[in-house]
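**Student:** Chains as they are written, first to last, in this note's numbering: chain A, -2 to 206; chain B, 377 to 835. Don't be surprised by glycine CBs; every beta carbon is placed ideally from N, CA and C.
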Amino acid sequence: MEPFTRLTAAGLPIDLPNVDTDRVIPARFLRKDRGVPEYSRFLFHDVRFGADGAERPEFILNQPPYRGARIVVAAENFGCGSSREAAVWALAAYGFRSVIAPSLGDIFHQNCFKNGLLPVILPAGVVDDLRRQLHARPGATLTVDLETQTVVAPDGAQHRFDVDAFRKEMLLGGRDEIGLTLGFEAQIAEFEARHAREMAWAVPPRAGT
Amino acid sequence: MFEKIWARHVVAEGPGGHVLLYVDRHLLHEGTTAALGRLARSGRSVRRPDLSFATADHYVSTLPGSPTTDPEARAMVEGLGRHTAQQGILHFGVGDPRRGIVHVIGPEQGLTVPGITLVCGDSHTATHGAFGALAFGIGSSEVEHVLATQTLWQKKPSTMRISVDGQLGPGVNAKDVILAIIAKIGAGGGVRHAIEYAGSTIRAMSMDERMTVCNMSIEAGARAGMIAPDETTFAYVEGRPLAPRGEAWRQALAEWKALPSDAGARFDREVQLAASEIAPTVTWGTSPQDALPITGRVPDPGSVADPGRRESMSRALAYMGLSAGTPLSDIAVDRVFIGSCTNSRLDDLRAAARVVKGRRAVVPAWIVPGSGLIKRAAEAEGLDRVFVDAGFEWRDAGCSMCVGMNGDLAVAGERVASTSNRNFEGRQGKGARTHLMSPVMAAAAAVTGRLTDVRSLGA
Chain A
-2 MEPFTRLTAA GLPIDLPNVD TDRVIPARFL RKDRGVPEYS RFLFHDVRFG
48 ADGAERPEFI LNQPPYRGAR IVVAAENFGC GSSREAAVWA LAAYGFRSVI
98 APSLGDIFHQ NCFKNGLLPV ILPAGVVDDL RRQLHARPGA TLTVDLETQT
148 VVAPDGAQHR FDVDAFRKEM LLGGRDEIGL TLGFEAQIAE FEARHAREMA
198 WAVPPRAGT
Chain B
377 MFEKIWARHV VAEGPGGHVL LYVDRHLLHE GTTAALGRLA RSGRSVRRPD
427 LSFATADHYV STLPGSPTTD PEARAMVEGL GRHTAQQGIL HFGVGDPRRG
477 IVHVIGPEQG LTVPGITLVC GDSHTATHGA FGALAFGIGS SEVEHVLATQ
527 TLWQKKPSTM RISVDGQLGP GVNAKDVILA IIAKIGAGGG VRHAIEYAGS
577 TIRAMSMDER MTVCNMSIEA GARAGMIAPD ETTFAYVEGR PLAPRGEAWR
627 QALAEWKALP SDAGARFDRE VQLAASEIAP TVTWGTSPQD ALPITGRVPD
677 PGSVADPGRR ESMSRALAYM GLSAGTPLSD IAVDRVFIGS CTNSRLDDLR
727 AAARVVKGRR AVVPAWIVPG SGLIKRAAEA EGLDRVFVDA GFEWRDAGCS
777 MCVGMNGDLA VAGERVASTS NRNFEGRQGK GARTHLMSPV MAAAAAVTGR
827 LTDVRSLGA
């Protein structure tokens, strides 16, 4: 996984609350291999492109100052709905590395961490203000610094955010979570032995026996 | 109850309040084939194939006798069969009568029992919480992590108790209860919470109804939704093919009876609803929180103070092709879908059949049973004849038109009365318009051709 340390990039304001992951990537693209070159086109596909495949100029990501954005600044509950990790893959394929919002869909939030995207939760008033600045100055940049847990707004204001110590360490190091957990083999084996004694009923009988 | 299950599954403590949580059941479907592929390519193997179970539901065709033709969808279905065979995982594949929607067959096979942790790469996994299990949906990377380690790094969520008390009126059922709950707390109201549903209304529900309630926890933002196990739960589980038996059953039962939350248990948030205030409910917008009693009217964005909310309502009405002030019962529908992990169980089909009997569908209407075994059971009761005689299509088990990825789609502009769980833009097909409701309300819409108060049909 690509580490996340510090990023200065243009921000993309998305004002709609409850943006679901079906909107981020429609279901018909979930069968596609994430390695295909056109993967970034699936991002926001049905609101970003018309029936003829041409860009819809009214969609904000199609407007020149925002095309190079790498930080999404969203409204409440962004990424709600389906567990599809492809929502994060599509954002990453386009080049996004961070999502700032007052709240995020829980599964989407977790999926970000697994793919080197930093989810940042800030108070609604702060995020509203960030979006206002990004609308007022299209293409304006923000800085997201994981080490210091700080967002620097286009106007220079600094906003500190919380992040779990565990997730911070994993992202800063770009670490492989499965590899880390396999290092807990002794604890898992010990737990399984105890669990098998104390909750023997929790293992289903073998089918057909 | 949540705390009791959590505490028994902690393998190790990590930094920042994270714990390594053990997983008792891992359910797989063909949408998670990619995670099995990545695991195989990394040279890692499945740690506990005996705790992993698979079925094909998302991408399969539900047209009887018609195999999945799309090559990419077929590759996912066949890949699941191949990987599970290599790894020694029990797979209910195409052709197996036990195949069905993953959240339907887990309980049906006795895999879902109280007191366990259960995960699946699908957001509707909270369905299994109806049994007093801690069940939640996970992403593809987490699926791979569970396959390799049988654990997940998790941070303990906050707890919320939602109590519903009193007797539901005629025509009002579990779907109306959960839609009313989501409308009350909002689509993000349960974010970072594990919900426990309690109260006399919930206690009086069958397991099928309880699953409908827990299923839509994610539509309120909560990954997990649970109901304390009781005699209704135990009676459902006992004797299922993969449920504990003999001495294991006796031990399990003794533990399950101690699972319910203690009288003085504290929750981070408490919400109360009165059953008497819940009416047959439909959604009008593009979020499950956009739900109102069928006796209501399409709301007016102009009457809302918050500008963000006003804009999203206007956008929803434009997408849905609705005007503010229109009585909901004046809205004509183009098709009806009864199915999905929310409402495809035998209780749902029986309830819908009672409305349909002696009437005729006036728009295309589908019944998609949740599993092959439910389909058989319904046929044994003659429910299929009721539906077919009324002009409904009686299809094979699968996710079908809930999920928009298996060829079962509505076309742009079509308005669907649907018993599924999401009315998002494009969910049932690009440009398709979804109104969520219960099976009896969907059946009523099928026989009248518009959103209809099922109580007006005397059902």
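Report the residue ranges of all beta strand (DSSP E) runs contained in full by the stretch 10 to 94 of chain A; include only those spanning at least 3 residues, in chain order.
**Tutor:** Entirely contained in the stretch 10 to 94 of chain A, the beta strand (DSSP E) runs reaching 3 residues are, in chain order, 68 to 70.
**Student:** How many Å lie between residue 647 (chain B) and residue 78 (chain A) at the Cα?
**Tutor:** Residue numbering aside, residue 647 (chain B) sits at position 271 when the second sequence is read from its first letter. Residue numbering aside, residue 78 (chain A) sits at position 81 when the first sequence is read from its first letter. Using only the alpha carbons, I get a separation of about 22 Å.
**Student:** Can you give the beta carbon distance from residue 719 (chain B) to residue 551 (chain B), rounded, assuming they're within the 8 Å contact cut?
**Tutor:** Counting from one through the second sequence, the residue named residue 719 (chain B) turns up at place 343. Counting from one through the second sequence, the residue named residue 551 (chain B) turns up at place 175. That pair is a contact at about 6 Å.
**Student:** Give the interface partners of residue 15 (chain A) over in chain B, defined as CB-CB distance under 8 Å, in chain order.
**Tutor:** In the first sequence, the residue the question calls residue 15 (chain A) occupies position 18. By Cβ distance, chain B contributes 563, 564, 663, 665 and 688.
**Student:** Residue range of the beta strand (DSSP E) that residue 397 (chain B) falls in?
**Tutor:** Translated into positions along the second sequence, residue 397 (chain B) becomes position 21. Where residue 397 (chain B) is concerned, the enclosing beta strand (DSSP E) stretches over 394 to 398.
**Student:** Taking the beta strand (DSSP E) that residue 657 (chain B) falls in, what are its first and last residues?
**Tutor:** Numbered from 1 along the second sequence, position 281 holds the residue referred to as residue 657 (chain B). Residue 657 (chain B) -> beta strand (DSSP E) spans 657 to 659.
**Student:** Use the C-beta contact count for residue 736 (chain B): other C-beta atoms within 10 angstroms, 16 or more gives buried, fewer gives exposed.
**Tutor:** Numbered from its first residue, the second sequence carries residue 736 (chain B) at position 360. It counts as exposed.
**Student:** Scan the stretch 693 to 762 of chain B and note each continuous alpha helix (DSSP H) run of 4 residues or more that stays entirely inside, going in chain order.
**Tutor:** Those alpha helix (DSSP H) runs which fall completely within the stretch 693 to 762 of chain B and span 4+ residues are 722 to 732 and 748 to 756.
**Student:** Please classify residue 145 (chain A) as buried or exposed, where buried requires at least 16 neighbouring CB atoms within 10 angstroms.
**Tutor:** On the first sequence, position 148 is the one that residue 145 (chain A) refers to. Exposed, because fewer than 16 other Cβ atoms sit within 10 Å of the Cβ of residue 145 (chain A).
**Student:** Take every Cβ of the stretch 458 to 465 of chain B, pair it with every Cβ of the stretch 783 to 800 of chain B, and state whether three or more of those distances are shorter than 8 Å.
**Tutor:** With the cut-off at 8 Å, the stretch 458 to 465 of chain B and the stretch 783 to 800 of chain B do not touch.
**Student:** Have a look at B:786, B:775 and B:788 and flag the residue whose alpha-carbon is nearest the alpha-carbon of residue 797 (chain B).
**Tutor:** For the purposes of this step, residue 797 (chain B) is taken as the residue at position 421 of the second sequence. The residue with the shortest Cα to Cα distance from residue 797 (chain B) is B:775.
**Student:** Got a sec? Which residues, its chain only, sit under 6 Å from residue 743 (chain B) by beta carbon, not counting five neighbours each side?
**Tutor:** Indexing the second sequence from 1 puts residue 743 (chain B) at position 367. The residues are 714, 763, 768 and 770.
**Student:** Return the CA-CA distance between residue 597 (chain B) and residue 103 (chain A), expressed in angstroms with no decimal places.
**Tutor:** Translated into positions along the second sequence, residue 597 (chain B) becomes position 221. Translated into positions along the first sequence, residue 103 (chain A) becomes position 106. Answer to the nearest angstrom: the Cα atoms are 7 Å apart.
**Student:** For residue 200 (chain A), which residues in the same chain have their Cβ closer than 6 Å to its Cβ, ignoring the five residues on either side in sequence?
**Tutor:** Walking along the first sequence from the start, residue 200 (chain A) turns up at place 203. So no residue of the chain qualifies.
**Student:** How far does the beta strand (DSSP E) with residue 402 (chain B) in it extend, from its first residue to its last?
**Tutor:** If you number the second sequence from 1, residue 402 (chain B) lands on position 26. Its beta strand (DSSP E) spans residues 401 to 404.
**Student:** What in chain A is Cβ-close to residue 781 (chain B), meaning under 8 Å?
**Tutor:** In the second sequence, the residue the question calls residue 781 (chain B) occupies position 405. Within 8 Å Cβ-Cβ: 24, 25, 27 and 28.
**Student:** Taking residue 179 (chain A) as the query, report the chain B residues whose CB atoms sit under 9 Å from its CB, ordered along the chain.
**Tutor:** Within the first sequence, numbered from 1, the residue matching residue 179 (chain A) stands at position 182. Under the 9 Å cutoff, chain B gives 420, 524 and 525.
**Student:** What separation, rounded to the nearest whole angstrom, lies between the Cα atoms of residue 202 (chain A) and residue 477 (chain B)?
**Tutor:** Against the first sequence, residue 202 (chain A) aligns to sequence position 205. Against the second sequence, residue 477 (chain B) aligns to sequence position 101. So the alpha carbons of these two residues sit roughly 22 Å apart.
**Student:** Quick check on DSSP: helix, strand or coil for residue 554 (chain B)?
**Tutor:** Indexing the second sequence from 1 puts residue 554 (chain B) at position 178. Residue 554 (chain B): helix per DSSP, three-state reduction.
**Student:** Within 10 angstroms of the Cβ of residue 816 (chain B), are there 16 or more other Cβ atoms? Answer buried if so, exposed if not.
**Tutor:** As a first step, residue 816 (chain B) must be located in the second sequence, where it is residue number 440. Label assigned to residue 816 (chain B): buried.
**Student:** Would residue 68 (chain A) pass as an interface residue toward chain B - the criterion being a Cβ-Cβ separation below 8 Å?
**Tutor:** Position 71 of the first sequence holds residue 68 (chain A). No - not a single Cβ of chain B is within 8 Å of the one on residue 68 (chain A).
**Student:** Let me check one thing: in DSSP terms, what residues is residue 467 (chain B) bridge-paired to?
**Tutor:** Indexing the second sequence from 1 puts residue 467 (chain B) at position 91. The partner list for residue 467 (chain B) (beta bridge, DSSP) reads B:430.
**Student:** Quick check on residue 804 (chain B): does DSSP put it in helix, strand or coil?
**Tutor:** Residue mapping note: residue 804 (chain B) aligns to position 428 of the second sequence, counting from 1. Looking at residue 804 (chain B) - three-state DSSP - the assignment turns out to be coil, as it is neither helix nor strand.
**Student:** Where does residue 775 (chain B) sit, in a helix, a strand or coil, going by DSSP?
**Tutor:** On the second sequence, residue 775 (chain B) is found 399 positions in, with the first residue counted as 1. Residue 775 (chain B): coil per DSSP, three-state reduction.
**Student:** Below 8 Å on C-beta distance, what does residue 156 (chain A) contact in chain B?
**Tutor:** The residue given as residue 156 (chain A) occupies position 159 in the first sequence. Per Cβ cutoff of 8 Å: no residues; residue 156 (chain A) is ~20 Å from chain B at best.
**Student:** With distances taken from CA atoms, which of B:628, B:433 and B:615 is nearest residue 408 (chain B)?
**Tutor:** Here residue 408 (chain B) refers to the residue found at position 32 when the second sequence is read from its first residue. The shortest C-alpha separation from residue 408 (chain B) is found at B:433.
**Student:** Taking contact to mean at least 3 C-beta pairs separated by less than 8 Å, is the stretch 484 to 502 of chain B in contact with the stretch 611 to 624 of chain B?
**Tutor:** Yes: the two stretches touch, three or more of their Cβ pairs being nearer than 8 Å.
**Student:** Which same chain residues end up closer than 8 Å to residue 68 (chain A) when comparing Cβ atoms and leaving out the 5 residues on each side of it in sequence?
**Tutor:** Counting from 1 along the first sequence, the entry for residue 68 (chain A) is found at position 71. Excluding positions up to five away in sequence, the list reads 4, 6, 7, 8, 9, 93, 94, 95, 96, 97, 139 and 141.
**Student:** Given a limit of 9 Å on CB to CB distance, which residues of the stretch 182 to 204 of chain A reach chain B?
**Tutor:** Per Cβ criterion, the list reads 182, 184, 185, 187, 188, 189, 192, 195, 196, 197, 198, 199, 200, 201, 202, 203 and 204.
**Student:** When you compare each of B:701, B:662 and B:697 to residue 675 (chain B) by their alpha carbons, which one comes out closest?
**Tutor:** Locating residue 675 (chain B) in the second sequence gives position 299, counting from the first residue. Measuring from the Cα of residue 675 (chain B), the nearest candidate turns out to be B:701.
**Student:** Between B:784, B:470 and B:670, which has its C-alpha nearest residue 24 (chain A)'s C-alpha?
**Tutor:** Within the first sequence, residue 24 (chain A) is the residue found at index 27, counting from 1. Closest by alpha carbon: B:784.
**Student:** Taking the Cβ atom as the reference point for each residue, do residue 156 (chain A) and residue 119 (chain A) lie within a distance shorter than 8 Å?
**Tutor:** Here the question's residue 156 (chain A) lines up with position 159 in the first sequence. Here the question's residue 119 (chain A) lines up with position 122 in the first sequence. Taking 8 Å as the Cβ cut-off, residue 156 (chain A) and residue 119 (chain A) qualify as a contacting pair.
**Student:** Would you say the stretch 567 to 577 of chain B touches the stretch 532 to 550 of chain B, given that touching needs at least three Cβ pairs under 8 Å?
**Tutor:** With the cut-off at 8 Å, the stretch 567 to 577 of chain B and the stretch 532 to 550 of chain B touch.
**Student:** When you compare the stretch 488 to 508 of chain B with the stretch 599 to 611 of chain B, are there three or more beta-carbon pairs, one atom per stretch, that lie closer than 8 Å?
**Tutor:** Taking 8 Å as the limit for Cβ pairs, the verdict is that the stretch 599 to 611 of chain B does touch the stretch 488 to 508 of chain B.
**Student:** Measuring CA to CA, which of A:159, A:83 and A:48 is closest to residue 40 (chain A)?
**Tutor:** Sequence index remark: in the first sequence, residue 40 (chain A) carries index 43 (1-based). It is A:83.
**Student:** Between which two residues does the alpha helix (DSSP H) containing residue 175 (chain A) stretch?
**Tutor:** In the first sequence, residue 175 (chain A) corresponds to position 178, counting from 1. 174 to 179 is the extent of the alpha helix (DSSP H) around residue 175 (chain A).
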